[in-house]
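This report concerns only the one structure given below.
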Amino acid sequence: MLRVPITVVLALGSLASSEQAKVKPAASRNSDRAIASDYQPSLNYDPQAEQRLLDLANHARARVGAPPLQFDESVLSAARAHAAEMAEQQQLSHQFTGEPSLPRRLAATSALHLDRAGENVALDSSADLAHQHLMLSPPHRENLLDPRYNVAGFAVIRSGEQLYVVEDFGHSVAALSTEQADDAVIGAVNRARQAAHLPIFTRQSDAAVRAAVCSMAEEDRLTTRSMRALSQRYSVLSYTNMHPEVLPASANHLIGDHNLTNVAVGACFARTGTYPGGVYWVGLVFY
Numbered sequence: 112m113l114r115v116p117i118t119v120v121l122a123l124g125s126l127a128s129s130e131q132a133k134v135k136p137a138a139s140r141n142s143d144r145a146i147a148s149d150y151q152p153s154l155n156y157d158p159q160a161e162q163r164l165l166d167l168a169n170h171a172r173a174r175v176g177a178p179p180l181q182f183d184e185s186v187l188s189a190a191r192a193h194a195a196e197m198a199e200q201q202q203l204s205h206q207f208t209g210e211p212s213l214p215r216r217l218a219a220t221s222a223l224h225l226d227r228a229g230e231n232v233a234l235d236s237s238a239d240l241a242h243q244h245l246m247l248s249p250p251h252r253e254n255l256l257d258p259r260y261n262v263a264g265f266a267v268i269r270s271g272e273q274l275y276v277v278e279d280f281g282h283s284v285a286a287l288s289t290e291q292a293d294d295a296v297i298g299a300v301n302r303a304r305q306a307a308h309l310p311i312f313t314r315q316s317d318a319a320v321r322a323a324v325c326s327m328a329e330e331d332r333l334t335t336r337s338m339r340a341l342s343q344r345y346s347v348l349s350y351t352n353m354h355p356e357v358l359p360a361s362a363n364h365l366i367g368d369h370n371l372t373n374v375a376v377g378a379c380f381a382r383t384g385t386y387p388g389g390v391y392w393v394g395l396v397f398y
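My numbering numbers the first residue of the sequence shown as 112 and each following residue consecutively.
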């Protein structure tokens with residue numbers, strides 16, 4: 112049987128990227144709600160220890176002025192799946208051979224739009240000691256107290272006198288409808304236009320632009336035949352972002368071109384192989 116120290120911790124944090132989890136939001140629950148979830152009876156999950164860890168984390172966050180973490184069932188599901196893997200392997204890791212990465216694990220269980228995620232894993236003898244030891248380690252403490260995280264799911268599996276602990280964190284952002292995403296992009300474009308002391312663009316509706324943007328999502332790439340066809344007739348900008356209103360630097364030269372007076376926009380949120388949790392695919396056509 113594998114022998115490991117009674118207290119072991121690992122930390123993982125990640126910024127928004129093509130490996131981040133994002134899609135339609137699922138219902139979040141307050142952190143003071145008792146954690147309950149369907150789980151395999153053959154695994155000795157400890158819901159009380161899971162709740163205790165979340166309470167301890169939120170008490171620590173309150174002391175430094177960070178907002179509380181809201182319990183989310185779907186994030187808990189991802190954490191429990193990984194805790195089960197650690198218990199089976201009898202070791203700590205953020206990713207075992209053949210196991211999906213943290214963003215893909217979150218995407219598999221959660222419909223939340225997550226632009227940031229992090230994870231702590233630990234092996235200890237109690238929830239209180241696990242929290243104490245995690246707080247003494249700078250990278251784990253950083254995850255626990257990071258004010259940017261707003262949702263979490265903490266999993267605990269009891270194995271004899273030891274607890275396998277997985278703490279998954281995320282920053283959930285609001286999901287936008289197609290119209291809201293389009294409006295956010297146009298608003299950002301025209302604010303930048305005004306900052307350049309130029310008249311705002313006249314917004315045009317164009318079904319071809321919408322179809323071309325959706326083709327990017329379907330093909331999981333920015334350079335599609337439809338977008339290339341548009342670029343032969345117009346000035347075209349395409350990009351991906353979890354925050355569609357955040358324009359790429361390459362937009363500046365088009366926004367600052369006084370010869371361009373009209374713009375059409377298309378924004379499409381989709382999950383793809385590159386973006387397992389989803390991302391906004393955005394296309395802008397200037398003329």
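Using N, Cα and C, we set each Cβ at its ideal position, and we do this for glycine too.
DSSP beta-bridge partners for residue i?
| i | result |
| --- | --- |
| F207 | None; F207 has no bridge partner. |
| D331 | Partner(s): none; D331 has no beta bridge. |
| L348 | L395 |
| L288 | Position check: residue 288 holds Ser in this sequence, whereas Leu was assumed. DSSP, once it has assigned bridges, lists no residue as partnering S288. |
| L274 | D235 and R269 |
| Y156 | I268 |
| F380 | Y391 |
| A263 | F182 and F280 |
| R314 | V374 |
| H224 | V284 |
What separation, rounded to the nearest whole angstrom, lies between the Cα atoms of residue i and residue j?
| i | j | result |
| --- | --- | --- |
| Q206 | Q243 | 24 Å |
| Q315 | V374 | 6 Å |
| A292 | L234 | 43 Å |
| N363 | F380 | 23 Å |
| S346 | F397 | 5 Å |
| E196 | T383 | 25 Å |
| A307 | G367 | 6 Å |
| A303 | P158 | 50 Å |
| S326 | V276 | 42 Å |
| R259 | R172 | 11 Å |
| T289 | H282 | 21 Å |
| V267 | A323 | 46 Å |
| F265 | P250 | 17 Å |
| R336 | E330 | 10 Å |
| N301 | A318 | 21 Å |
| R227 | S204 | 20 Å |
| E199 | T208 | 13 Å |
| L164 | A238 | 6 Å |
| G394 | G271 | 55 Å |
| S399 | V320 | What the structure shows of the chain is the stretch from 112 to 398, and residue 399 is not part of that stretch, so it cannot be assessed. |
| A222 | L247 | 33 Å |
| D183 | Q202 | 26 Å |
| P179 | N261 | 7 Å |
| A160 | M353 | 34 Å |
| L154 | A263 | 21 Å |
| R344 | L309 | 23 Å |
Suppose the cutoff is 6 Å on Cβ atoms and the five residues either side in sequence are ignored; what does the same chain contact list for residue i look like?
| i | result |
| --- | --- |
| A295 | P355 and E356 |
| L358 | A299 |
| W392 | V324, M327, A328, T351 and C379 |
Under a Cβ-count criterion, where at least 16 other Cβ atoms within 10 Å of its own Cβ denotes burial, should residue i be classed as buried or exposed?
| i | result |
| --- | --- |
| P214 | buried |
| N141 | Bear in mind that the predicted position of N141 carries a pLDDT of just 29, short of 50, making it too unreliable to give a figure here. |
| Q181 | buried |
| H369 | exposed |
| V376 | buried |
| Q162 | buried |
| R339 | exposed |
| A285 | exposed |
| V390 | buried |
| S185 | buried |
| T334 | exposed |
| T313 | exposed |
| A360 | exposed |
How about residue i and residue j: are their beta carbons less than 9 Å apart?
| i | j | result |
| --- | --- | --- |
| D279 | L187 | yes |
| Y156 | R269 | yes |
| E230 | A190 | yes |
| L274 | A241 | yes |
| L256 | V175 | yes |
| I297 | Q305 | no |
| V232 | H170 | no |
Note down, in chain order, each residue of its chain lying with its Cβ closer than 7 Å to the Cβ of residue i, except the 5 sequence neighbours on either side.
| i | result |
| --- | --- |
| S129 | Low local confidence applies: a pLDDT of 45 at S129 is under 50, so the model's placement there is unreliable, with the coordinate-based value given in what follows. Here the set comprises T385 and Y386. |
| L371 | S346, L365, F397 and Y398 |
| E210 | E196 |
Taking Cβ positions only, does residue i come closer than 9 Å to chain E?
| i | result |
| --- | --- |
| E184 | Included in the structure is just one protein chain, with no chain E present. |
Excluding the 5 residues flanking residue i on each side, which residues of the same chain have their C-beta closer than 8 Å to its C-beta?
| i | result |
| --- | --- |
| A177 | L256, D257 and P258 |
| T220 | S185, V186, S188, A189 and A192 |
State yes or no: is the C-beta of residue i nearer than 8 Å to some heavy atom of the ligand FMN?
| i | result |
| --- | --- |
| Q200 | The ligand FMN is absent from the structure shown, which contains no ligands of any kind. |
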